[in-house]
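Trainee: To start, I am sharing the structure in question, which I have written as structure tokens.
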Amino acid sequence: MNIIVCIKQVPDTTEIKIDPVKGTLIREGVPSIMNPDDKGGLELALRLKDQFGANVTVVSMGPPQADVIMREAFAMGADRAILLSDRKFAGSDTLATSYAIAGLCRTLDYDLIIAGRQAIDGDTAQVGPEMAEHLGLPQVTYVCDAKLLPNGNLQVHKENEDSVQVLEVEGKCLLTVLASAFEPRYMTVSGIVEAYNREVEVWGADKIDYDETKLGLSGSPTKVFQSFPKAMKAPGEVHEVSEEEAVELIVNKLKEKHII
Amino acid sequence: MDFSYSKTEQLFLQMIRSFAENEVKPLAAEVDDQERFPVETVEKMGKLGIMGIPIPKQYGGQGGTVQMYIMAVEELSRVCATTGVIVSAHTSLCMAPILENGTEEQKMKYLPKLASGEWIGAFGLTEPNAGTDAAMQQTTAVDAGDKWILNGTKIFITNASYANVFIVMAMTDKSKGTKGISAFIVEKGMPGFSIGKKELKMGIRGSATCELIFENCEVPKENLLGPLGKGFTIAMKTLDGGRIGIASQALGIAQGAMDETVKYTKERKQFGKAIAQFQNTQFQMADLKTKVEAARLLVRSAAWKKDMGLPYSADAAMAKLFAAETAMEVTTKAVQFHGGYGYTREYPVERMMRDAKITEIYEGTSEVQRMVIAGQLFKK
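The following block contains the structure:
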């Protein structure tokens, strides 16, 4: 089985602080990490590899600095790493990104594509599903478990808000997975020692078939109008009262705010 | 001159730090309290390759550097000094002498199982009457044709009751003094070899420190390590390497106590402000931080020399002396900064203070380190 795993380098948003005066994000000194949902995706791929044997290729699109997460993927157990890096991709929104990575996938022989549900820096959850559309693949999102059945199909658990759906997928497909379901393994010491002796293939746009108008800024219909931090909410109120009093209190509060 | 961590080291730091934080730290208080050897942690470390970092791949190791190995000991000791010394004694005191002095057969027989963590290693030099004066060995090994017969007792042996392989020093020719001492590889279960009483210690309480008892213990002929009569030299060289490990352990303890104190003094309020805002706190912490960084440079420099194949005996002694005394100072002050809470077991700093003390004692006391450094300094 050949598995492609899509990974992205993101700022560790748990380390980001907000400038108390300007209200903007302080990005300096914030470490870059492998996006958690993507790492969960890599973990799923490696579990399938451990159980059934597989060749795991990690792919990413980004600046050359993204090299470090490719090395991390090697040290966890990935077999091959390809980084799409070209000025032509600059300014890509999710559509142009998914178009480029789908183009990369078309050049590879694969049975399964795994992507993280969403990246912690954008939270769009769009790239995986869009790739599936570009490639004409069935997709299952919010995956919390997956295994290979004896008939060669995948049995996939999809987490919904209040339930889990169990699906069987025939043939090639794309899954987007949740970090919470796949606790990633540690890098091994020997994997780390070898990581920088191995080759991360850096591909330019010329390695894929593309339509110029669908790449980078020109292929990106999303225009960011304005970015601003969310307004701080007023602190909540805590009342320790009986159930009956609580009902009255809530009703009065809602009336006060003209909600009811 | 490049003081930064290499890319490989940065990746390694990311791994070992999260391993220490997620797998080792949560057990540290319990391991100390119950004087429990953390077998489950050792098993996990074995799987990840942490038990064989600087051992070449051809002997089943990870092919890493001494630098990476000491980074592991530091990061583990930062949260649990017991775990740090398990790795240090195993690596520096058991695998290193086999790697550096063993025959090809000995290396192939012992290193793969040790490096994978399937076996744990230990080292036996100290005796009731041969501590700092290690030349006063009373354990004997007699040539009995096809085997060696060992008799005697070793004490304070780290990892002892969990170890499978022991490097043991014994007198093969009393008339030659230190040149009559030889090194042997002894396996658990060899006839006449048993583990004696377990010490109840002040610190590193999860580390299994026991006696080794040899009563007509039969050791195969081929288990002599290095040439006959070279045991003392092997022991001293082994301890040179071990000292870099213990220096890293001390450094880790000091760093761990710094981390706790920075966190605590920012939270703890007295006289209407966080105690971190008082200049007394700031100046004392600035001094401690400076010492911790100086210790780290000494430790890294000694490890670098060992990696480069340069002489490092005095460097290792300086690193251990300074890091151990820094650990003792930092942890003692950390308890003081924590006040009454610091004296309780609710906070980890009292444990760190108890753990720090041993780093001034084992693998050569601070006085021995001074002897080594001065010996080098006043050598013709």
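Sequences listed follow chains A and B, in order. Read in order, the letters of the first sequence correspond to residues 14 to 273 in my numbering. Read in order, the letters of the second sequence correspond to residues 22 to 401 in my numbering. For each residue, glycine too, the CB sits at the ideal point set by N, CA and C. On a predicted model such as this, the values are computed, not experimentally measured, just so you know.
1. Given that B/M36 touches chain D, what residues does it touch there, using C-beta distances under 7 Å?
2. Let me see if you follow: with CB-CB separation under 7 Å, is A/Y209 close to chain B or not?
3. As a quick exercise: from B/M349, B/T282, B/G81 and B/H111, pick the residue whose alpha carbon is nearest that of B/A316.
4. Helix, strand or coil for B/F235 per DSSP?
5. Kindly list the residues whose CB is nearer than 7 Å to the CB of A/L180, restricted to its own chain and excluding five residues on each side of it in sequence; keep chain order.
6. Whole angstroms are fine: how far does the CA of B/V45 sit from the CA of B/T62?
7. Mind checking if B/Q390 is an interface residue toward chain A, Cβ cutoff 7 Å exclusive?
8. Return the CA-CA distance between B/I382 and B/G263, expressed in angstroms with no decimal places.
9. Looking at the structure shown, is A/H252 part of a helix, part of a strand, or coil, going by DSSP?
10. If you run the structure through DSSP and keep just helix, strand and coil, what is A/G229?
11. Assign A/Y155 to one of three DSSP states: helix, strand, or coil.
12. Let me check understanding here. Comparing Cα to Cα, which of A/L150, A/I39 and A/T110 lies closest to A/G350?
13. If you compare alpha carbons, which of B/G361, B/F343 and B/R375 is closest to B/E314?
14. Below 8 Å between beta carbons is the criterion; list the residues of the region 68 to 90 of chain A that meet it against any residue of chain B, in chain order.
15. Have a look at the DSSP bridge pairing and note the partners of B/F214.
16. For a contact meaning CB atoms closer than 7 Å, what does B/G70 contact in chain A?
17. Check B/H359 in the structure and name its three-state DSSP category.
18. In the DSSP assignment, the alpha helix (DSSP H) including A/H147 goes from what residue to what residue?
19. Measuring only the C-alpha atoms, how far is A/G66 from A/L161?
20. Between the region 136 to 156 of chain B and the region 180 to 192 of chain B, do three or more beta carbon pairs fall short of 8 Å?
21. Rounded to a whole number of angstroms, what is the C-alpha to C-alpha distance between B/L132 and B/K197?
22. Name the residues in the region 78 to 96 of chain B whose C-beta lies less than 7 Å from a C-beta of chain A; which are they?
23. Shortest alpha-carbon distance to B/K341 belongs to which of B/Y368, B/Q357 and B/G273?
24. Do you know offhand how far B/V7's Cα is from A/P77's?
25. In this structure, what does DSSP give as the bridge partners for B/R289?
26. DSSP has B/T161 in a bridge; who is on the other side?
27. What three-state label does DSSP hand B/L135 in the structure shown?
28. Is B/M116 helix, strand or coil when you go by DSSP?
29. Anyone know if the C-beta pair for B/A229 and B/F40 falls short of 7 Å?
30. Among A/A192, A/Q22, A/T189 and A/N15, which residue has its Cα nearest to the Cα of A/T96?
31. B/K28 versus chain A: which residues are under 7 Å apart at the beta carbon?
32. Chain A partners of B/L135, CB-CB under 8 Å?
33. With a cut-off of 8 Å, do at least 3 Cβ pairs link the region 232 to 250 of chain B to the region 165 to 175 of chain B?
34. Provide the residue span of the beta strand (DSSP E) that contains A/R93, from first to last.
35. Any contact between the region 246 to 263 of chain B and the region 115 to 126 of chain B? By contact I mean 3 or more CB pairs, one from each, below 8 Å.
36. Could you name the residues of the same chain whose beta carbon sits closer than 7 Å to that of A/A79, not counting the 5 residues immediately before and after it, in chain order?
Mentor: Let me spell this out:
1. No chain D appears in this structure, whose protein chains are A and B.
2. yes
3. B/M349
4. strand
5. V153, V169 and K171
6. 7 Å
7. no
8. 13 Å
9. coil
10. coil
11. strand
12. This structure does not reach residue 350 of chain A, given that chain A is present from 14 up to 273, and the question cannot be answered.
13. B/F343
14. V81, R84, E85 and A88
15. B/F235
16. T201, V202 and S203
17. helix
18. V140 to L148
19. 11 Å
20. yes
21. 31 Å
22. Q83, G84 and G85
23. B/G273
24. Residue 7 of chain B lies beyond the residue range present for chain B, which begins at 22 and ends at 401; the question has no answer from this structure.
25. Answer is none; B/R289 lacks a bridge partner.
26. B/N172 and B/M192
27. helix
28. helix
29. no
30. According to the sequence provided, residue 96 of chain A is Leu. The question's Thr does not apply to it. The residue with the shortest Cα to Cα distance from A/L96 is A/Q22.
31. Y209
32. Under the 8 Å cutoff, chain A gives no residues; its nearest Cβ is about 14 Å from B/L135.
33. yes
34. R93 to L97
35. yes
36. Q22, S73 and L96
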